[in-house]
Amino acid sequence: MKKKLFLLTCIVAVLACIRLPAMAFEVGVRGYYWLPALNGDIKVEGNGIPGTTLDLENDLGLDNEYYPVIEFFAGTGRHHVSLSYYKAEYDGSNVLDRSITFHGKTFTASDLIETSLKYSVYDILYQYDLLDLENILAGFSLGLAGKVKVINGSVEVKSSALSASDDFTAPIPLVGLNLHVGILADILEARLLSMGIAYGNGTMFDVQADFAVTPFPFLDIHGGYRVFLIDIDADDVKFNYNTSGPYLAVTFSF
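Residue 253, in numbering that gives the first Met the number 0, is where the sequence shown stops; the numbers in between run on with no holes.
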């Protein structure tokens, strides 16, 4: 009887050890500093009047801006969730070489205009690991991810005589895959997160690739590149632009 009890205890202990990695719970925070280049165009309608397609750099004089990104994440077993946020603010000025229409108002050639484009981006992501081989020396996982990206912002153009502005909000669902490869017991890691969608009003792609090193427990240092392409209609605002560039990041997780 004692042998059977001992054997049963050993079996339960082994099963518990096998299940521990799947039940492990992780939480963390990741901070990025992203250096994207801005290019593309925007068109804003108003009062039923079509807008002029305006190049962000050549027509509006907007320059590149760099900004931080904050991400909170948690996971247990094959399930992972994250919430990230960043705010972009672009300002510029330019002398028009042609007349333009913006939100129902016409700015004439030779006008000096000032432009302000501001928006906040919220990402809510859920991932399920289709393949999880993380508990080996060279870890590997492949996850199916779904994300809701909410873009909320405003754009304003003004001259000495006129001012026109509009607000926009665009909640957009994305789907994709997240590939993670760990080397040397995850001391070195590589990740590729590729997400996108194409639908009636436009397309969007958000792709990140990075390498990370773990110099100390609970700390990762990343270097990577992010490509964010958007072509959508949001309220009276039509966006077609690209913000892509390298980033540095630090992750604390437990």
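Ideal Cβ positions, reconstructed from N, Cα and C, are used throughout, including at glycine. Fair warning: this is a prediction, and the values are worked out from it, not measured in the lab.
Presumed contact (8 Å Cβ cut-off) between E155 and S115, rounded CB distance: 5 Å
Within the chosen definition, does the region 74-83 reach the region 95-111 through at least 3 CB pairs nearer than 8 Å? no
Less than 8 Å between the CB atoms is what I'm expecting for L143 and L129, so what's the real figure, rounded? 6 Å
Beta-carbon proximity list for D166, same chain, < 6 Å, skipping 5 on both sides: S153
C-beta contact flag for S162 and P35 at 8 Å: no
Could you name the residues that DSSP lists as bridge partners for R225? Q207, G244
Backbone CA spacing between E70 and Y84 [nearest angstrom]: Near 7 Å, if we compare the C-alpha coordinates of Y84 and E70.
Are there three or more Cβ pairs, one per stretch, closer than 8 Å when the region 37-46 is compared with the region 205-224? no
Use the C-beta contact count for Y89: other C-beta atoms within 10 angstroms, 16 or more gives buried, fewer gives exposed. Y89 is buried by the Cβ-count criterion.
If I229 sits next to Y240, beta carbons under 8 Å apart, how far is it from one beta carbon to the other, in whole angstroms? Yes, they are in contact, since the Cβ atoms of I229 and Y240 sit about 6 Å apart, within 8 Å.
Quick check on the DSSP output: the beta strand (DSSP E) that includes R97 runs from which residue to which? Counting along the chain, R97 falls outside any beta strand (DSSP E), and DSSP gives it neither H nor E.
Is it true that the CB of I41 sits closer than 8 Å to the CB of F238? yes
Tell me the DSSP secondary structure of I150 in three-state form. Reduced to three states, the DSSP call for I150 is strand.
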